[in-house]
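Taking it in order: structure first as structure tokens, then the write-up.
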Amino acid sequence: MTSQLRPQRRRLHLPLLATAVLDAVMILVFSTGGRESHEKALSAVGVVQTAAPFLVGAALGWVLAYVLVRIETPSWLRAEEFRPERILPFGIVVWISAVVVGMLLRALFHTGTAPQFIGVATLSLCVLLLGWRAVADRVYRMFAR
């Protein structure tokens, strides 16, 4: 009996800390761009204050994504391991959570939730939070060959 040996595919993935840092950096980039477009001071404190509601939302998204891996979920959402660098479902969960929780916190603290801002924030955070994941996925596929 003979069996063909297939080369083992390397399973590349980003360390959790690097993934969290990339999400935070993308949210800070979004906040910096927003402050700059509204001609507000680009101080570190100002950027962090602007980013804070979205950072809280992203952190809650991470928790929710982790829980989704650990509980029984529909097959289209199921993942076998916690890989937050993946777009589906993790990136989507983090993105939606960052926007929804971020807007709720901004409304709670009266810092502005104009419909135009909600649209811009939703699209910008989609591009930033899912975009780096798409690039990472492409790089993984190149090195997995």
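The opening residue of the sequence shown carries number -10 in the numbering used here; numbering runs sequentially from there.
In this text, a Cβ means the ideal position worked out from N, Cα and C, and glycines have one as well.
If you're wondering where the values come from, they're calculated on a predicted model, not measured in any experiment.
Helix or strand or just coil, what does DSSP make of residue i?
| i | result |
| --- | --- |
| Thr102 | coil |
| Leu3 | coil |
| Arg134 | coil |
| Leu57 | helix |
| Pro78 | helix |
| Pro73 | coil |
| Ser170 | What is shown of the chain runs -10 to 134, which leaves residue 170 out entirely. |
| Thr113 | Going by the sequence as given, residue 113 is Ser instead of Thr. Note: Ser113 maps to helix in three-state DSSP. |
| Ser26 | helix |
| Leu119 | helix |
Can you check which of these residues, the options, is closest to residue i by C-alpha distance?
| i | options | result |
| --- | --- | --- |
| Ile107 | Arg130, Val89, Ala123 and Leu119 | Val89 |
| Val83 | Lys29, Leu118 and Arg95 | Leu118 |
| Leu44 | Phe19, Ser26 and Glu25 | Phe19 |
| Arg199 | Ala33, Leu31, Ala41 and Val10 | Absent from the model: residue 199. The displayed extent of the chain is -10 to 134, so no value can be given. |
| Ala123 | Ala87, Ile81 and Phe98 | Ile81 |
Below 8 Å on the Cβ atoms is my guess for residue i versus residue j; work out the distance and round it to an integer in Å.
| i | j | result |
| --- | --- | --- |
| Gly23 | Thr39 | 6 Å |
| Ala125 | Leu5 | The pair is not a contact, with the Cβ atoms about 13 Å apart (cut-off 8 Å). |
| Leu31 | Thr21 | 7 Å |
| Ala87 | Ala47 | 4 Å |
Stretch-stretch touch, CB-based, cutoff 8 Å, three pairs: the region 52 to 62 with the region 108 to 122: no
Three or more C-beta pairs below 8 Å linking the region 70 to 78 and the region 95 to 106: no
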